[in-house]
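Student: Sequential numbering from 1 applies to the sequence shown in UniProt numbering. Cβ atoms here follow ideal geometry from the backbone N, Cα and C, with glycine treated the same way. For reference, the structure I am asking about is given below.
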Amino acid sequence: MAAVGAVISGCEDNSPVAAPTSTLPAADPSAGASTPTVPEYTTDLDLTDDEKKAVDGALVAFEGYIETINQVFSSGGKDLDGADQFARDGSLESLQTEAESMSTNNQYMAGKYGAYDVRIESVEETEDEAPYTQVSILFCTKDSEWKVVDQGEELPSSAPKGFTMQHVADNRDGAWKVANQYLRSKECD
Numbered sequence: 001m002a003a004v005g006a007v008i009s010g011c012e013d014n015s016p017v018a019a020p021t022s023t024l025p026a027a028d029p030s031a032g033a034s035t036p037t038v039p040e041y042t043t044d045l046d047l048t049d050d051e052k053k054a055v056d057g058a059l060v061a062f063e064g065y066i067e068t069i070n071q072v073f074s075s076g077g078k079d080l081d082g083a084d085q086f087a088r089d090g091s092l093e094s095l096q097t098e099a100e101s102m103s104t105n106n107q108y109m110a111g112k113y114g115a116y117d118v119r120i121e122s123v124e125e126t127e128d129e130a131p132y133t134q135v136s137i138l139f140c141t142k143d144s145e146w147k148v149v150d151q152g153e154e155l156p157s158s159a160p161k162g163f164t165m166q167h168v169a170d171n172r173d174g175a176w177k178v179a180n181q182y183l184r185s186k187e188c189d
């Protein structure tokens with residue numbers, strides 16, 4: 001169960017878990033869920049038009065990844081369909097590992113994982129041989145709204161407690177996906 005916290009709440013503090021373009025992730029018509037949209041956000045950055053397009057693409061991937069977490073974990077790790085549509089690298093690996101653990105341990109996530117107070121921290125172009133854009137997204141989540149429990153159990157009540165997460169989305173291959181995630185603070189500002 002500790003590993004599930006790695007995907008949902010991000011391993012240890014600041015440890016990885018999960019040219020600007022407007023390329024948004026392609027909609028998967030077979031995925032019966034809603035189509036992710038750009039959530040409301042704030043930023044202290046003075047974004048250029050290209051950076052705004054990059055942020056929009058990153059936020060659609062971010063919203064899709066949150067929906068994917070809820071899909072996979074509420075199914076007890078059994079519904080991994082489309083898990084790679086909005087996740088890659090550390091985020092996808094953690095999602096798959098946690099799904100396997102939940103399935104093996106006959107557990108699921110009760111409640112719903114949510115993101116609040118979404119903020120754009122940075123928009124950066126990497127200096128790799130094939131440069132790509134990364135967007136750092138900060139948000140609050142409340143661990144009183146979800147919990148991994150044994151199959152058949154309900155969400156236990158607990159005092160509300162929020163923490164700050166960072167998700168890094170990129171468009172390395174022309175598709176925006178959440179690549180890594182970090183626990184930034186055990187509190188929400």
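Does the Cβ of Ala61 have 16 or more other Cβ atoms within 10 Å, making it buried, or fewer, making it exposed?
Tutor: buried
Student: Alpha carbon to alpha carbon, what distance is there between Ile137 and Ala58?
Tutor: 8 Å
Student: Could you tell me whether the Cβ atoms of Ala169 and Val135 are closer together than 8 Å?
Tutor: yes
Student: Considering only the alpha carbon of each residue, which of Met102, Glu154, Met165 and Asp46 lies closest to Pro139?
Tutor: The amino acid occupying residue 139 in the given sequence is Phe; Pro does not appear at that position. Here the closest residue by C-alpha is Met165.
Student: Using the three-state DSSP reduction, which class does Ser185 fall into: helix, strand or coil?
Tutor: strand
Student: Take Gly77 as the anchor and find which of Gln107, Ala179 and Lys112 has the nearest alpha-carbon.
Tutor: Gln107
Student: In the DSSP assignment, what residue or residues form a beta bridge with Phe163?
Tutor: Thr141
Student: Does the beta-carbon of Asp173 have 16 or more other beta-carbons within 10 angstroms, so that it is buried, or is it exposed?
Tutor: Around the beta carbon of Asp173, fewer than 16 other beta carbons sit within 10 angstroms, so the residue counts as exposed.
Student: By how many angstroms is the C-alpha of Leu183 removed from the C-alpha of Met1?
Tutor: Low confidence applies to Met1: its pLDDT is 41, below 50, so where it sits in the model is not reliable enough to give any reading.
Student: Please return the same chain residues whose Cβ sits closer than 6 Å to the Cβ of Trp176, not counting the five positions on each side in sequence.
Tutor: Pro25, Gly57, Ala58, Ala61 and Ala169
Student: Who does Lys177 pair with in a DSSP beta bridge?
Tutor: According to DSSP, Lys177 bridges with Asp170.
Student: Use the C-beta contact count for Asn180: other C-beta atoms within 10 angstroms, 16 or more gives buried, fewer gives exposed.
Tutor: buried
Student: Please state the DSSP three-state secondary structure of Thr133.
Tutor: strand
Student: Give the C-beta separation of Met109 and Val148 to the nearest angstrom, bearing in mind that I take them to be a contact with Cβ-Cβ under 8 Å.
Tutor: 5 Å
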